[in-house]
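One structure is given here, and the rest of the page talks about it.
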Amino acid sequence: MSASAAAPAGTLRWHFEDLNLQAVDREAVAARDDIFLLVCSASFIESGTDLYTRNLLEYFAGDDEFGDWLHRRWEPEELQHGRALRGYIEHVWPGFDWPAAYADFHAEYSALCTLDELEPTRGRELVARCMVEMGTTTYYQALNALCDEPVLRDLTWRIRSDEVQHYKQFYHQFLRYRRSESLGRGQVVAALWRRVAELRRSDADVALRHAAAWRWRDSPAPPALHDVRQQVFERMRTRYPVELAVRMIIKPLQLGPRLQRWAERPLSLLARHVLLH
Ligand SMILES: [Fe+2]
Ligand SMILES: [Fe+2]
């Protein structure tokens, strides 16, 4: 994979306005609590990207080319993901108070996004960023497979394609820093491991909790958070693109094409076993 050069910095590959929200089949989707929670929590995390951009720009100060990409390309794309997902939520569930729910989420989330959360070197942080983009790519791919409403399918696939490009760019930058920092495989594995272990808790958990709290805010008998989380996880895991996740996780190890192919199959089987049993 090489860095994306499909569009110059500052140019979005698509625009929120391209989506035809009037064509949404509201009947088909409004009763789906799982879709609401998955789309809503994603809209929160994407909309909070500005917190991370600030930290990353500070951390990579002096690397002008990369800083420019983060500022002019990555951040606007992530924020557009947040805007588009929010627009979808407000269109299908007009009674949901997105700004109020987001304010609650933001108050808790901003405390988690500190410089302390970053890896000790730039190269290792780029491994972590690759894992975040792997997480979002596979999340939107699973969500795309889970929903049958055409406008949401279109939106999730557009976002998924952006996330793949983000992964490629972070990977490209990782290769540069790997050389200058002489990063060994052990250090890469440590960074990979830390970030993959974190993916399932923290950010997604905070977002889901606030989405659920505001969704059933006035309900006399709101469902238990544990049950909500379990139900959403059950649905997603059956659609999760395990092979793609494994390929993206082990890529920074640079095993070479033959070894990578050899490692992918048993790791995919193992991951599938962990997910499905
Ligand atoms: Fe995104
Ligand atoms: Fe991304």
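Each residue of the sequence shown is one higher than the last, beginning at 20 in this note's numbering.
For every residue, glycine included, the Cβ atom is placed at its ideal position computed from N, Cα and C.
Residue i versus residue j - alpha carbon distance
i    : j    : result
W93  : H185 : 7 Å
S21  : G86  : Any reading at S21 must be qualified, since the residue scores a pLDDT of 36, below 50, and its modelled position is unreliable; no value is offered.
A290 : E262 : 9 Å
R284 : K270 : 14 Å
Y259 : Y121 : 27 Å
E200 : G142 : 7 Å
L310 : L104 : This structure cannot settle anything about residue 310, because the visible part of the chain is limited to 20 through 296.
A210 : S238 : 42 Å
V251 : T157 : 15 Å
N381 : W33  : The requested residue 381 is not part of the displayed model; the chain covers only 20 to 296.
C132 : R277 : 38 Å
D37  : Y107 : 13 Å
S23  : V183 : Any reading at S23 is ruled out, since the residue's pLDDT is 39, under 50, leaving its predicted position unreliable.
V151 : Q192 : 15 Å
V146 : Y190 : 7 Å
E168 : R266 : 29 Å
R179 : A264 : 13 Å
W281 : S287 : 11 Å
Which listed residue (the options) has its alpha carbon closest to that of residue i
i    : options          : result
G101 : R258, T155, P285 : T155
V48  : R105, V111, Q99  : V111
Q99  : L76, I108, S66   : S66
A130 : T140, W88, N74   : N74
L162 : R148, R177, T30  : R177
Ligand 1 heavy atom lying under 8 Å from the CB of residue i
i    : result
E94  : no
H90  : no
I178 : yes
P30  : What sits at residue 30 in the sequence shown is Thr, not Pro. Not so, every heavy atom of ligand 1 lies at least 8 Å from the Cβ.
E182 : yes
Sub-9 Å separation of residue i and residue j beta-carbons
i    : j    : result
I54  : L165 : yes
E96  : D181 : yes
F63  : A243 : no
T140 : Y196 : yes
H229 : E136 : no
Residue i CB to nearest heavy atom of ligand 2 below 8 Å
i    : result
D82  : no
E283 : no
V146 : no
T155 : yes
Neighbour flag for residue i against chain B, beta carbons, 9 Å
i    : result
R198 : Here there is only one protein chain, and chain B is not present.
Any contact between the region 204-218 and the region 40-56? By contact I mean 3 or more CB pairs, one from each, below 8 Å. no
Quick check: the region 223-238 against the region 55-67, are there 3 or more CB pairs under 8 Å? Yes: at least three Cβ pairs fall under 8 Å.
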